[in-house]
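For the protein sequence lines, the chains are V and C, in the order given.
Letter 96 of the first sequence, counting from 1, is numbered 96 in the numbering used here, and no numbers are missing.
Letter 42 of the second sequence, counting from 1, is numbered 1042 in the numbering used here, and no numbers are missing.
The C-beta atom is built at its ideal place from N, Cα and C for all residues, glycine as well.
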Amino acid sequence: MAAQTEEAVLRSELRWVVVVSGVITVIMLAVLYAGLVHHINPPSNIETIDPKTLHLTGEFTEGNLGTRVEANGQITSRVVATQFAFQPQCIVLPANKRVTLRFATPDVIHGILVAGTNVNTMIVPGYVSQVHTVFTKNGDLLMPCHEYCGLGHSQMWATVRVVPEDQFKPGPDGRATCDAR
Amino acid sequence: MSSSPHQHPPADDIDEAALERALEATPRGALALSGLTVGLLLLAWLLMYALVFLPRGMVS
Chain V
1 MAAQTEEAVL RSELRWVVVV SGVITVIMLA VLYAGLVHHI NPPSNIETID PKTLHLTGEF
61 TEGNLGTRVE ANGQITSRVV ATQFAFQPQC IVLPANKRVT LRFATPDVIH GILVAGTNVN
121 TMIVPGYVSQ VHTVFTKNGD LLMPCHEYCG LGHSQMWATV RVVPEDQFKP GPDGRATCDA
181 R
Chain C
1001 MSSSPHQHPP ADDIDEAALE RALEATPRGA LALSGLTVGL LLLAWLLMYA LVFLPRGMVS
């Protein structure tokens, strides 16, 4: 290959490197903007729990699952993901309020997403997965398991019922369930 | 294993000048094609980001 041709090829390759660097810079800036301005970050909570006893003691016992308004006003929903169901099957949460979702599993790796929102996390045995969000639309949102967890994986889904703030009426113990409405 | 035409001139029908012409023209077409595909990919990514990801709101 003539030196001149070689130089032309090299020049065009360098030009392409500049273009690709520009594309990567644009994407990185967009990711930083989402994280810093809109606070959209991957869930980063690291909290351990014993998967063998989570249904016997502590916050993930059966009576403690579902939505509860804590003493400080914080709204938290606790859900256990098992093969092949969520417990409870339906959680109710108010719209336009910051809510906390907490998940744990006693068996294998699961994952959830809430359709139409950015809520998306893995549920790993031994850890508590936590996501904070604000639901802006009312209605029943589908929350399927999105990590293959066994033969019944496709039947594993729950409902997130988002209701207007004035229709969110927790009981005297602070608990709110889908049936109570 | 590939070998350069310099080492085996008789086995190659393409003469040096034609090879030069072809090599000179190739990057322009490749750049146009890559530019179009990468441009469309970036556009799709930005549309998804602006019209789906950002409106779906805060999660942390």
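- Inter-residue distance for R102 (chain V) and G1039 (chain C) is about 40 Å (C-alpha atoms, whole angstroms).
- Look at Q4 (chain V) here: in three-state DSSP terms it is helix.
- Taking C-alpha positions only, V26 (chain V) is separated from L1042 (chain C) by approximately 9 Å.
- In this structure, the alpha-carbon of G1029 (chain C) lies about 11 Å from that of L1036 (chain C).
- Put simply, the CB of G1029 (chain C) is far from chain V, with every gap to its CB atoms at 8 Å or more.
- With a threshold of 8 Å between beta carbons, V160 (chain V) makes no contact with chain C.
- When rounded, the separation of the alpha-carbon atoms in Y33 (chain V) and I46 (chain V) is 24 Å.
- The DSSP assignment places 157–163 as complete runs of the beta strand (DSSP E) inside the region 151–178 of chain V, in order along the chain (cut-off: 3 residues).
- Using beta-carbon distances, N118 (chain V) counts as an interface residue toward chain C, with a partner under 8 Å.
- Fewer than three pairs of CB atoms, one per stretch, sit closer than 8 Å, so the region 91–110 of chain V makes no contact with the region 7–27 of chain V.
- Excluding residues up to 5 positions away in sequence, A34 and N118 lie with their Cβ nearer than 7 Å to the Cβ of I40 (chain V) in the same chain.
- With its beta carbon less than 8 Å from one in chain V, M1058 (chain C) belongs to the interface.
- Around the CB of T67 (chain V), 16 or more other CB atoms lie within 10 Å, so the residue is classed as buried.
- Proximity to V163 (chain V) across V:P43, V:Q89, V:A104 and V:T177 peaks at V:T177, based on C-alpha coordinates.
- Proximity of L1042 (chain C) to chain V, defined by a Cβ-Cβ separation below 8 Å, is satisfied.
- Counting only runs of 4+ residues, no alpha helix (DSSP H) is found wholly inside the region 27–95 of chain V.
- Note on A71 (chain V): under 16 other CB atoms within 10 angstroms of its CB, so exposed under the neighbour-count rule.
- Here V134 (chain V) has R98 as same chain residues with Cβ atoms under 6 Å from its own Cβ, once five neighbours each way along the sequence are excluded.
- Interface annotation, L1054 (chain C): in contact with chain V, CB-CB separation under 8 Å.
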